[in-house]
Amino acid sequence: MIRGVNQVVLYVEDQQRAKQFWTEKMGFALAEDSPYGEDGRWIAVASPDGNMRMVLSPREPGAQAPEAPENLPNSNIMFYSDDVQRTYGELTAKGVKFLAAPSKMFFGWWSMFEDGEGNRYALGEQWGTNNPL
Numbered sequence: 000m001i002r003g004v005n006q007v008v009l010y011v012e013d014q015q016r017a018k019q020f021w022t023e024k025m026g027f028a029l030a031e032d033s034p035y036g037e038d039g040r041w042i043a044v045a046s047p048d049g050n051m052r053m054v055l056s057p058r059e060p061g062a063q064a065p066e067a068p069e070n071l072p073n074s075n076i077m078f079y080s081d082d083v084q085r086t087y088g089e090l091t092a093k094g095v096k097f098l099a100a101p102s103k104m105f106f107g108w109w110s111m112f113e114d115g116e117g118n119r120y121a122l123g124e125q126w127g128t129n130n131p132l
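Each residue of the sequence shown is one higher than the last, beginning at 0 in numbering that gives the first Met the number 0.
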């Protein structure tokens, strides 16, 4: 039986810049940084809860970040926090750019941030007793 998702691929322009963003600003752990192929690197970062890894894979030349309206995330990776407002304050202090300040929605607190690669992500509360599926 499938128990969850343990790894996703995030396409980036600059692996080193992405690695610095996710480890230094977002608090992810460097899970792996190894040679891959002839000239490449396999770089993966682990989420602070340890349940998911993101592989920071080079974007193909000429490929663009996914399209979405400016007021919505363009990444299908959505992050959670126990307290979106507190996390917003902590990450803003570290220089993370938020495109939407925390706001209370019908499904709980929500915000949106951007990495240095042009990817926009949703940040919400974790599903649980306060946010049932």
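For every residue, glycine included, the Cβ atom is placed at its ideal position computed from N, Cα and C.
Taking C-beta atoms as the reference points, Ser56 and Tyr87 fail to come closer than 7 Å.
In this structure Val95 does not touch Glu124 by the C-beta definition: roughly 18 Å separates them, more than the 8 Å allowed. Pairing Tyr79 with Arg58, the inter-Cα distance amounts to about 25 Å. When DSSP states are grouped into helix, strand and coil, Arg2 belongs to the coil group. The segment 34-44 makes no contact with the segment 100-108; the number of CB pairs closer than 8 Å stays below 3. For Glu66, same chain residues with a beta-carbon under 8 Å away, outside a window of 5 residues either side, are Asn73 in chain order.
Boundaries cannot be given for Val95, as no beta strand (DSSP E) includes it and DSSP labels it neither H nor E. Taking 3 residues as the minimum length, the beta strand (DSSP E) runs contained wholly in the segment 49-107 are 52-57, 77-80 and 96-104, in order along the chain. Following the DSSP letters along the chain, one finds Asp32 inside the beta strand (DSSP E) bounded by residues Ala28 to Tyr35. Each of Met51, Arg85 and Met104 was checked against the Cα of Val7, and the nearest Cα belongs to Met51. Ala17 is positioned such that its CB atom lies no closer than 7 Å to that of Ala30.
For a cut-off of 8 Å, the C-beta gap from Ala64 to Gly117 is around 4 Å, short enough to register as a contact.
The alpha-carbon separation between Ala121 and Phe20 amounts to approximately 16 Å.
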